[in-house]
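S.K.: Attaching a single structure in structure tokens format; questions to follow.
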């Protein structure tokens with residue numbers, strides 16, 4: 001389990017978990033769960049498009065997550081947020097079905113992109129993931145105060161001259177970048193579960209923002225590690241364990257809020 | 262190039278696709294209008310995704326996929342409603358958690374599908390649908406489920422509309438808001454199940470939200486919005502099937518997916534609806 005071919009898996013999955021835990025804190029706080037689900041799912045056709053055109057996969061993913069961010073924020077100007085997100089998502093996925101049908105040899109990769117295939121990550125994937133992780137974490141830390149303020153009290157933020165729309169756009173871009181990075185290694189479903197489950201549990205444990213964010217990253221790490229270990233032993237897909245563990249996190253957090261804390 | 266490629270009207274798969282797709286479009290459009298008004302697009306999308314767990318489980322044990330899709334969607338709707346949260350942010354979070362767990366199950370069942378029955382196509386057909394491969398035998402049960410969903414909507418039309426527009430007023434007037442919400446979620450899961458089987462789980466949101474969102478931009482009254490949504494939905498399905506059938510001639514021996522054309526038509530109509538409204542108000 002800790003043999004050399006697994007080293008990259010552990011490293012990459014840990015980085016993805018920390019990034020997902022940190023961004024997930026704001027996903028839960030700002031109530032952008034749907035966007036956090038739609039961005040990864042809408043981004044994965046980018047990989048199929050890239051393979052069709054013969055360019056680098058990461059490039060296709062970044063372009064598609066960029067399209068997703070633009071779509072959600074542009075349509076959101078005339079439309080309710082959830083409708084804008086849904087329309088963006090279906091448009092990207094519609095393109096995805098076309099690309100998938102045109103490149104028939106690609107259909108094998110769909111399962112991995114949707115549900116994650118973390119065992120067997122190449123060493124070439126470690127460096128880009130590390131760089132983008134650092135960028136995402138740096139952006140989140142830099143924008144920490146405006147992100148927090150506009151989420152908790154949008155009026156107060158507006159009074160201080162912070163544009164709510166701009167912060168929304170910045171946060172969506174951070175989400176999009178984190179998504180594009182995490183998608184090829186852990187899959188669309190995993191990214192989303194990792195963002196929502198740990199953050200929901202951390203929120204129940206403490207009311208202090210910085211601490212909650214660190215808890216969220218910590219829980220995400222534990223979740224990914226146990227999911228990989230369980231998947232390694234049972235041969236069952238990692239996505240199943242992450243999804244189930246995320247639901248358990250949320251359940252425990254709710255119970256804690258009601259009976260414990 | 263012919264508009265109707267030879268054999269379009271005589272082909273059995275095309276007729277089945279048109280009937281089932283059309284039925285799914287009508288039910289989705291009607292339910293979709295309420296879903297958009299209530300701001301529950303995410304729930305609609307999540308139910309469709311989660312229903313794919315049932316679909317993939319059905320492949321595994323060899324029962325009719327429809328039973329699987331339907332059972333799982335209704336179950337997920339029940340779980341979401343059991344948590345019964347009113348605040349939108351928290352409701353989205355519960356939806357997300359149910360969605361994550363449901364997709365986890367899908368991953369597991371699809372993995373079993375691949376390992377035990379060696380049907381690698383299951384992932385694609387469950388998630389993206391395969392419209393021309395629908396067996397004609399499921400026409401009757403599908404239309405039955407669709408008719409049932411429409412009957413429920415018709416029966417609770419006024420309270421549902423009132424709750425969707427303003428839950429507080431509805432409560433004052435003595436409407437059981439909780440019950441209406443549960444009924445709406447149940448009807449929603451029936452609607453998304455129908456479209457999940459035709460254009461696939463993750464794209465069924467297209468038929469649910471697209472026509473309704475466009476119609477609500479065009480119409481001022483709810484009844485008119487429902488009518489317009491139904492027309493858009495039906496048009497998108499018919500146009501999508503037709504174009505997909507014709508596309509066998511564009512790229513020799515290889516058709517383009519129906520789902521792509523349906524989504525493309527819906528998206529264009531949605532953009533056009535924005536232009537139409539701007540033209541009217543200007």
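Residue numbers (this note's numbering), protein chains in the order written: chain A, 1 to 261; chain B, 262 to 543. From the three backbone atoms N, C-alpha and C, an ideal C-beta is built for every residue, glycine too. Computed from a predicted model, the values in this text were never measured in an experiment.
1) Along the chain, where does the alpha helix (DSSP H) containing residue 606/B start, and where does it finish?
2) Taking the alpha carbon of residue 191/A as the point to measure from, which residue in 113/A, 206/A and 94/A has its own alpha carbon closest?
3) In three-state terms, what does DSSP make of residue 299/B?
4) Can you tell me whether DSSP reads residue 511/B as helix, strand or coil?
5) Count the C-beta pairs between the stretch 124-137 of chain A and the stretch 167-182 of chain A that are closer than 8 Å, then say yes if the count reaches three, no if not.
6) Is it the case that the Cβ atoms of residue 73/A and residue 169/A are separated by a distance below 7 Å?
7) How about residue 96/A and residue 40/A: do their beta carbons lie closer than 7 Å?
8) Looking at the secondary structure, which residues open and close the alpha helix (DSSP H) in which residue 220/A lies?
9) Which runs of the alpha helix (DSSP H) at least 4 residues long sit entirely within the stretch 2-52 of chain A? Give them in chain order.
10) Check the Cβ-Cβ distances between residue 287/A and every residue of chain B, and say whether any is below 7 Å.
11) Please tell me whether residue 20/A has its Cβ less than 7 Å away from any Cβ of chain E.
12) Taking the alpha carbon of residue 89/A as the point to measure from, which residue in 11/A, 34/A, 54/A and 24/A has its own alpha carbon closest?
13) Quick one, which of 214/A, 196/A, 203/A and 84/A has its alpha-carbon nearest residue 141/A's?
14) Distance cutoff 7 Å, beta carbons only. Does residue 292/B sit that close to anything in chain A?
15) Quick one: is residue 525/B buried, meaning 16 or more other Cβ sit within 10 Å of its Cβ, or exposed?
16) At the 7 Å Cβ level, is residue 97/A part of the contact set with chain B, yes or no?
17) Quick check on this structure: which residue in 529/B, 536/B, 438/B and 534/B has the alpha carbon closest to the alpha carbon of residue 91/A?
18) According to the neighbour-count rule (16 or more other Cβ atoms, all chains shown, within 10 Å of its Cβ), is residue 324/B buried or exposed?
19) Where does residue 436/B sit, in a helix, a strand or coil, going by DSSP?
20) Flag this pair as touching only if the stretch 489-507 of chain B and the stretch 423-432 of chain B have three or more C-beta atom pairs under 8 Å; answer yes or no.
21) Taking the alpha-carbon of residue 98/A as reference, which of 527/B, 539/B, 534/B and 521/B has the nearest alpha-carbon?
22) Measuring alpha carbon to alpha carbon, tell me which residue in 468/B, 290/B and 306/B is nearest residue 334/B.
23) With three or more beta-carbon pairs closer than 8 Å as the criterion, would you say the stretch 204-214 of chain A touches the stretch 47-60 of chain A?
24) Quick check: residue 201/A and residue 362/B, are their CB atoms within less than 7 Å of each other?
25) Tell me which residues share the same chain as residue 495/B and place their Cβ nearer than 7 Å to its Cβ, disregarding the 5 neighbours each side in the sequence.
26) Report the option in 272/B, 279/B and 421/B whose CA atom is closest to the CA atom of residue 455/B.
27) Checking 7 Å against the spacing of the C-beta atoms, do residue 13/A and residue 242/A come in under that value?
28) In its own chain, which residues sit with a C-beta less than 7 Å from the C-beta of residue 75/A, not counting the 5 before and 5 after it?
29) Would residue 310/B and residue 360/B qualify as a contact pair, given that the criterion is a beta-carbon distance under 7 Å?
30) Determine the direct distance from the alpha carbon of residue 67/A to that of residue 55/A, and round the result to whole angstroms.
31) Run down chain B in chain order and give the residues with a C-beta less than 8 Å from the C-beta of residue 67/A.
32) In angstroms with no decimal places, state the Cα-to-Cα distance between residue 222/A and residue 115/A.
33) From which residue to which residue does the alpha helix (DSSP H) around residue 83/A run?
34) Residue 329/B and residue 315/B - do their beta-carbons sit closer together than 7 Å?
35) So, does the CB of residue 196/A fall closer than 7 Å to a CB anywhere in chain B?
M.R.: On the basis of the supplied data:
1) The structure shown does not extend to residue 606/B, since chain B spans only 262 to 543, so no value can be given for it.
2) 113/A
3) helix
4) helix
5) yes
6) yes
7) no
8) 209-234
9) 4-30 and 33-43
10) As displayed, chain A neither begins before 1 nor continues past 261, which places residue 287/A out of reach and without an answer.
11) Of the protein chains in this structure, namely A and B, none is chain E.
12) 34/A
13) 214/A
14) no
15) buried
16) yes
17) 529/B
18) exposed
19) coil
20) no
21) 521/B
22) 306/B
23) no
24) no
25) 283, 286 and 287
26) 279/B
27) no
28) 84, 87 and 88
29) yes
30) 17 Å
31) None at all; the shortest Cβ gap to chain B is about 13 Å.
32) 19 Å
33) 81-102
34) yes
35) yes
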